[in-house]
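Residue 44 in numbering that gives the first Met the number 0 sits at position 45 of the sequence shown, and the numbers go up by one each step. Where is the CB? At the ideal position from N, CA and C, for every residue including glycine. To keep things clear, I will list the structure first and then write my remarks on it.
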Amino acid sequence: MNTDTAHPENDTLGEANIETTSPEVTETEPAEKAKRGRAFSVGAKIGSIVGLCLIALVAVSTISITKMGSIGQQIIGIAERDVPLTEIITKITVHQLEQAISFERAARHGEKMHGDATERAKFEESAKEFKKLSDKVNAEIETGLKLAQTAIDTAATAKETKEFKHVSDLLKVVKVHHAGYDKHVYESFDLLKANNAAAATKLLATIEKEEKQLTHELEGLVVEMIKFTSHAAHTAEKDEKAAIQLLIIVSIAAVFGAAILAWLLITRNIVRPLRDVISTVADLQAGNLDIEISARNNDEIGAVTNALSGFRGSMKKPASLKPKWPKKSARLNV
């Protein structure tokens with residue numbers, strides 16, 4: 000036997016009660032959705048902190064790579080341009096001075112070599128030494144000119160280009176003056192071999208003048224290159240210190256910025272509202288329905304707070320105003 004029991008009056012009352020409460024939900028939902036649409040979500044707030052940390056990391060890395068790369072180029076310039084050029088000019092200067100010593104020895108022995116085999120042998124030895132040093136100086140001048148041109152082509156700044164052009168021009172002048180010096184020395188050797196000591200002595204004054212001129216020019220070049228190299232090294236050192244200071248400033252700013260943002264977004268806008276929600280739930284659980292519930296933010300935590308506020312309101316309504324759901328009849332099959 001089948002027995003069906005229905006309560007149409009309860010169905011009607013339930014439908015009526017539901018209809019009276021539904022407009023309140025309909026009116027509040029669009030406003031809450033609009034607020035949530037304009038608010039930053041919890042994920043967006045946490046993501047903004049992570050984004051700031053990533054931006055700071057990229058900034059510090061970019062500054063480090065850029066500044067250290069620039070300093071590295073300066074050091075490479077010193078090692079590959081300034082130092083080799085200074086070294087070759089120093090060699091030219093030393094060998095030019097050795098040439099002058101060899102010439103003086105040859106001139107002294109040349110005046111006595113006629114009728115004295117020992118003096119002639121010493122003259123020939125000094126003359127050969129002079130020729131050897133002359134070839135060495137000429138080769139070093141050519142090397143210096145090539146190094147100067149390479150430095151001009153690879154200079155990092157206009158100031159470096161100007162400096163290396165100046166060095167190249169001075170080396171060209173030294174080359175011309177050295178060629179004239181060698182010519183006059185070889186002429187004096189020929190005069191000494193011809194036993195014309197008087198003419199050789201007259202030429203000696205010109206040779207000594209050219210020696211002093213060459214020595215002065217080469218010493219000036221050495222001093223100039225040393226100053227330029229020293230200035231480049233000091234510039235690289237200053238740039239390194241400035242880069243370190245900049246990195247420290249950026250790092251400190253990033254740390255403080257991240258700390259402030261973390262306090263604003265996490266402690267103030269996430270942790271505190273969550274504590275309020277926990278406190279509210281505890282009060283509601285204890286039966287305290289008179290508490291004031293208000294959302295701090297319009298994010299997910301604010302939505303939970305608003306839901307708790309609605310829940311508290313429904314709990315405070317009289318039982319007669321609460322929606323009653325229809326009871327379904329029990330169906331028995333016998």
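* Asked: Looking only at its own chain, which residues have a Cβ that is under 7 Å from the Cβ of residue 299, when we skip the five neighbours before and after it?
  -> 40 and 41
* **Enclosing alpha helix (DSSP H) for residue 187 [first to last residue]** => 157 to 192
* N- and C-terminal bounds of the alpha helix (DSSP H) containing residue 274 -> 271 to 284
* **First and last residue of the uninterrupted alpha helix (DSSP H) at residue 69** => 41 to 76
* Asked: Beta carbon of residue 100, beta carbon of residue 139: below 8 Å?
  -> no
* Helix, strand or coil: how does DSSP classify residue 247 here? -> helix
* Asked: Alpha carbon to alpha carbon, how far is residue 202 from residue 160?
  -> 40 Å
* To do: With residue 151 as the anchor, note down where its alpha helix (DSSP H) starts and where it stops.
  => 116 to 153
* To do: Could you check what DSSP says for residue 206 in three-state terms: helix, strand or coil?
  => helix
* Asked: Mind checking whether residue 290 and residue 279 have CB atoms under 8 Å apart?
  -> yes
* Which residues in the same chain as residue 172 place their Cβ atom closer than 6 Å to its Cβ, once the five residues preceding and following it in sequence are excluded? -> none
* To do: Can you tell me the Cβ-Cβ gap for residue 109 and residue 122, rounded? I've got them flagged as a contact below 8 Å.
  => 5 Å
* Spatial distance of residue 74 from residue 217 (CA atoms) -> 25 Å
* Whose CA, out of 164, 223, 224 and 133, lies closest to the CA of residue 181? -> 133
* Asked: Beta carbon of residue 58, beta carbon of residue 222: below 8 Å?
  -> no
* **Rounded separation between residue 36 and residue 251 - CA only** => Low confidence applies here, because residue 36 scores a pLDDT of 41, under 50, leaving its location unreliable; read the following figure in that light. Distance between the alpha carbons of residue 36 and residue 251 is about 35 Å.
* For residue 313, collect the residues of the same chain with a Cβ closer than 6 Å to its Cβ; drop the 5 residues on either side in sequence, then sort them by chain order. => none
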